[in-house]
Amino acid sequence: MAHETSWTTKEILGTIIGSGVALVTTVKLIRYISAEKPKEYPKDVVILFQIPRTPAAPNLSPFALKLETFLRMAKIPYQNEYCMQLSSKKKTPWIMYNGKEYCDSQFIIEFLNKEFEIDLSKHLKAHDKAVAHSMRKMTEESLYWTLAMSRWVYSYNDPSAKKVLPVSQCVFWQMKNAVKKAGYYQGYGRHTEEEVARICRQDLQALSDHIGNNMFLMGNQPCEEDAAVFGMLAMMWLMPETSFFTKILKDKTYPNLIKYVEKIKKEFWGDDYEEKKADKAEKDL
Ligand SMILES: N[C@@H](CCC(=O)N[C@@H](CS)C(=O)NCC(=O)O)C(=O)O
Numbered sequence: 007m008a009h010e011t012s013w014t015t016k017e018i019l020g021t022i023i024g025s026g027v028a029l030v031t032t033v034k035l036i037r038y039i040s041a042e043k044p045k046e047y048p049k050d051v052v053i054l055f056q057i058p059r060t061p062a063a064p065n066l067s068p069f070a071l072k073l074e075t076f077l078r079m080a081k082i083p084y085q086n087e088y089c090m091q092l093s094s095k096k097k098t099p100w101i102m103y104n105g106k107e108y109c110d111s112q113f114i115i116e117f118l119n120k121e122f123e124i125d126l127s128k129h130l131k132a133h134d135k136a137v138a139h140s141m142r143k144m145t146e147e148s149l150y151w152t153l154a155m156s157r158w159v160y161s162y163n164d165p166s167a168k169k170v171l172p173v174s175q176c177v178f179w180q181m182k183n184a185v186k187k188a189g190y191y192q193g194y195g196r197h198t199e200e201e202v203a204r205i206c207r208q209d210l211q212a213l214s215d216h217i218g219n220n221m222f223l224m225g226n227q228p229c230e231e232d233a234a235v236f237g238m239l240a241m242m243w244l245m246p247e248t249s250f251f252t253k254i255l256k257d258k259t260y261p262n263l264i265k266y267v268e269k270i271k272k273e274f275w276g277d278d279y280e281e282k283k284a285d286k287a288e289k290d291l
């Protein structure tokens, strides 16, 4: 005699809920196992978060190059963490130090100066410090925008851009739109390309006239602001062919600025400036 198996409503509900709980637990378990664990960083070492380096230079971002140059100048132990992650202020570069985040290259330098009792400008008198401060501000608040507009907006359709800016077409498009918008609110984005090129030349002329035959920004000894000025000027080599920066560089309009960049490169970067072939091969694997 065949037995009929009839399930009560309670049993059916129990089976459905039981299977659901088992499924959710399994999914959670898989997620937990595959999730990236927070990295452990060494104590008392600055972890420098910056966008991935390029073959020709340590970074495409003048602020990242500034910060890493400063760390080298000040001989502070650091470790690079190349990633696209932005800081809590939605900017790059930024650092982690003993588990805490610090952002904005200048605020970071101020923090590190205190933490490591460093003053790379202690040999300067108040007046010279004021001049160095103004030069850095001109570089970061004016020259930077001419660079950003030229690189990401005016050179958008330049096929040579791909050679110097190793980013996907999609990222390039996003950068163009973001810089165009930011440039508009900053102000330079409302000018014509010729007008922005004029501002760029005026800033470079001021830097060139000020540096003259000196090796560094404030004489023959480096100061803190050299990191920022170097970081920005070194970007001239990372510009598409149609950029007015490339024209200025090719025409050797400011030979002392070229010498200045070469000097700092040699002094604080040596062979590390360009990506080593072995590192590149490992990355490409
Ligand atoms: N004042 C900041 C400027 C940093 C900055 O503007 N970084 C750019 C890259 S060069 C950035 O993060 N841009 C992303 C954005 O503005 O959304 C600093 O000194 O760190």
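Numbering (our numbering), first residue to last: 7 to 291.
Don't be surprised by glycine CBs; every beta carbon is placed ideally from N, CA and C.
A240 is classed as buried because its beta carbon has at least 16 other beta carbons within 10 Å across all chains shown. Closest in alpha carbon position to R142, among S249, L171, I217, F251, is I217. Per DSSP, reduced to three states, the secondary structure at Q91 is coil, with no helix or strand assignment. Scanning the region 192-235 from its first residue to its last, the whole alpha helix (DSSP H) runs of 4-plus residues come out as 199-217.
The way I'd put it, the region 188-205 does touch the region 147-154; three or more beta-carbon pairs between them come closer than 8 Å.
Scanning its chain for C-beta atoms nearer than 6 Å, with the 5 sequence neighbours on each side dropped, one finds around K271 the residues Y279, in chain order. A distance criterion of 7 Å places the beta-carbon of Q112 in contact range of ligand 1, judged by its closest non-hydrogen atom. Under the DSSP assignment, E121 falls in the alpha helix (DSSP H) whose first and last residues are 111-121. By the criterion of a C-beta distance shorter than 6 Å, T60 is surrounded in its chain by L66, P172, once the five residues flanking it on both sides are discounted. Under the three-pair Cβ rule at 8 Å, the region 81-92 does not count as touching the region 200-217. Within the DSSP secondary-structure output, V52 pairs in a beta bridge with Y84, Y103. Secondary structure at Y266: helix, using DSSP grouped into helix, strand and coil. When distances are taken from the beta-carbon of P99 to the heavy atoms of ligand 1, the shortest one is below 7 Å. One Cα belongs to V137, the other to N104, and the distance between them is close to 34 Å.
Counting along the chain, L71 sits inside the alpha helix (DSSP H) bounded by residues 68-79. Here Y47 carries a coil assignment [DSSP, helix/strand/coil]. E200 has its alpha-carbon roughly 11 Å from the corresponding atom of Y160. The three-state secondary structure of Y260, taken from DSSP, is coil. Per DSSP, S140 is one residue of the alpha helix (DSSP H) stretching across 132-144.
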